[in-house]
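Numbering (the UniProt record's numbering), first residue to last: 1 to 638.
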């Protein structure tokens, strides 16, 4: 715009005149702005209503069974334990009433290992001689350590170890049943003779009165744990060699206690043999026929390009048990210090935590702890990586263990295991978390129908329905002072929505929510009587479920029709008002262009007026001068 003109010639305040004229010109814009503000307020109110109706739909859906799983609030259950200091329980989807009793034999722990030797410092003494094989889960399948052997070409960083077939010891089963009480008398019936791996042995049982289980434990003790003795599901005694594989043999040959223990001549006629185990390393099967704790075995791994196989050196922890373990090759560097080793192990991503522990002045051990728990969390490091160092290999510090729940006391007793302290799905839909191991204390898990939870869900839907009704009511009232109505006062949609919600509460001839405690009071509020609901459920749960499921479905359908984010009735009204706002915004923008042009025009007109007046004033002054000059000349002539 040009320079402001303020009537230098005319004496008029042209700036004020133009401003007043523009104010009159802008009257239509004020009306458009007012319509825009009204539309924006309505959008805000409609969005608030939409949010509340959407929440109502969510609350109503809680009463409707899932179309696929059929799970619903009517099947909800609550889980409690007889001793929350030992076990807690959580009931989820699919939980059904029931109970189970058990003891907690053990809690899940993380495996840990420590170096056999020590080093004098952590930052200068070289301890590593090359790559190390990090084993995880070996103890669970019967391996106490894994290491590289002389023949090794593999460049793979990860390796799989799996026991396909468990090994077994030689077992002799007694065919005779044991009495409920067995009396062992010194010098009378206290000896048992057998041949174990070709060596004849006779053991003497301590005198006393035994139950079958106690007698089995005494046989095992007397053998120096060379054999395991258990009572089978049939109640008879079984004796098995601790040495496993087909090279293990066992034959009961007699003794004064043999008949009392249930061994017949036929049971003692031949020697039993153990069963071989098959362990697969990187896809290559290895059959082990001589399996015993502490045994050092060479296993074949991946086939080598030049022929033969990569070879592993493993130490057996006992018999081979079905399961899997992993081993990872980690390059420590040929001159790494203990600090270097700790750093590389911690950064390896192998699920372990490494530390250099000072056990005395100038003596440090390498300690490893699994970051997970369970029987498969054991860790071992191959000793070859530290060859020539006083650090040596590693030995087990803490055995990784599972949480074990023991169910029952009879021949059919069984264990439930978990690698964490939480046992998922102990009963359908119920998880328990063990807090304290105590094999001597029985804990009972009870799962009952959660009627309080049902009532809470029904109340939540009633509360949300009231929230919608109150929102509509508060935004539909007449303000006598301002003489204006609320934003929803003229909304037929809001009135219809409130009416349909109230009608759903009244119900029909086949489903009356009032029978389950839901009603409308004289002020139009929806009420929920929990006591009446509980009584109705106790009397006829099927009827209550049917009635309130139908009620929930009706409310859910109504709410979805109104608040669906794509084509809901309220959603469409919001979109319509937003379009109105957009149109008015464009109109105001166009109007502003016109007003700018109009103001420029007025300023040019008044500027031109001032110029014209200035010219007239100049002409007037010239004429006055001329007339004055003529008058002076006339006087002089006279």
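Even glycine gets a Cβ: it sits at the ideal position worked out from N, Cα and C.
All of these numbers come straight from a predicted model, not from anything done at the bench.
By a beta-carbon distance limit of 8 Å, residue 299 contacts residue 286. Their separation comes to about 5 Å. With three or more CB-CB distances shorter than 8 Å, the stretch 260-280 counts as touching the stretch 233-242. Per the Cβ contact rule, the stretch 106-113 is in contact with the stretch 394-403 (3 or more Cβ pairs under 8 Å). The count of Cβ pairs closer than 8 Å, one atom from the stretch 70-85 and one from the stretch 343-351, stays below three, leaving the stretches out of contact. Annotation for residue 439: the continuous beta strand (DSSP E) segment containing it runs 438-449.
Residue 131 is bridged by DSSP to 331.
Counting the other CB atoms within 10 Å of its CB gives residue 478 a total below 16, which places it among the exposed residues.
With respect to the 8 Å criterion, residue 57 and residue 560 are classified as neighbours on the basis of their beta carbons. Spatial neighbours of residue 101 in its own chain (CB-CB distance under 6 Å, excluding positions within 5 residues in sequence) are listed in chain order as 442, 444. Bounds of the beta strand (DSSP E) holding residue 79 are 77-81. Of the candidates 363, 51, 354, the residue whose Cα lies closest to the Cα of residue 117 is 363.
Annotated as proximal: residue 547 and residue 512, with beta-carbon spacing under 8 Å. Residue 107 holds the alpha-carbon nearest to the alpha-carbon of residue 420 among 34, 51, 185, 107. Annotation: the continuous beta strand (DSSP E) that includes residue 237 extends over 237-244. Apart from sequence neighbours up to five positions away, the residues of its chain that approach residue 247 with a beta-carbon distance below 6 Å are 289, 290, ordered along the chain.
Judged by DSSP in its simplified three-state form, residue 464 adopts helix. In the structure shown, the three-state DSSP call for residue 86 is coil. Here residue 405 is bridged, per DSSP, to 104, 416.
Judged by pairs of C-beta atoms under 8 Å, the stretch 478-491 does not touch the stretch 451-468, as fewer than three such pairs exist. Contact between residue 591 and residue 28 holds, with the beta-carbon distance rounding to 7 Å and staying under 8 Å.
In this chain, the beta strand (DSSP E) harbouring residue 312 covers 309-316. Contact between residue 144 and residue 316 holds: their C-beta atoms lie close to 7 Å from each other, under 8 Å. Residue 489 carries a coil assignment under DSSP once its states are collapsed to helix, strand and coil. The bridge partners DSSP lists for residue 194 are 201, 252. Using a Cβ distance threshold of 8 Å, residue 141 and residue 325 count as a contacting pair. For residue 376, the closest of 156, 21, 63, 135 by C-alpha to C-alpha distance is 135.
Per DSSP, the unbroken alpha helix (DSSP H) holding residue 340 starts and ends at 338-346. Non-local C-beta neighbours of residue 93 in its own chain, meaning closer than 8 Å and more than five positions away in sequence, comprise 69, 71, 429, ordered along the chain.
Rounded to whole angstroms, the separation of the alpha carbons of residue 536 and residue 542 is 10 Å.
With a beta-carbon spacing of about 18 Å, residue 189 and residue 236 fall beyond the 8 Å limit used to define contacts. The residue from 628, 155, 586 with its alpha-carbon nearest to that of residue 32 is 586. In the structure shown, residue 183 falls within a strand segment according to DSSP collapsed to helix, strand and coil.
Assigned with DSSP and collapsed to three states, residue 96 falls in coil, not helix or strand.
Two segments are said to touch when three or more pairs of C-beta atoms, one from each, lie closer than 8 Å; by this definition the stretch 487-501 does not touch the stretch 410-425. A check of alpha carbon separations from residue 474 across 528, 601, 48, 129 identifies 48 as the nearest. Looking at the DSSP output, residue 422 sits in a beta bridge with 433.
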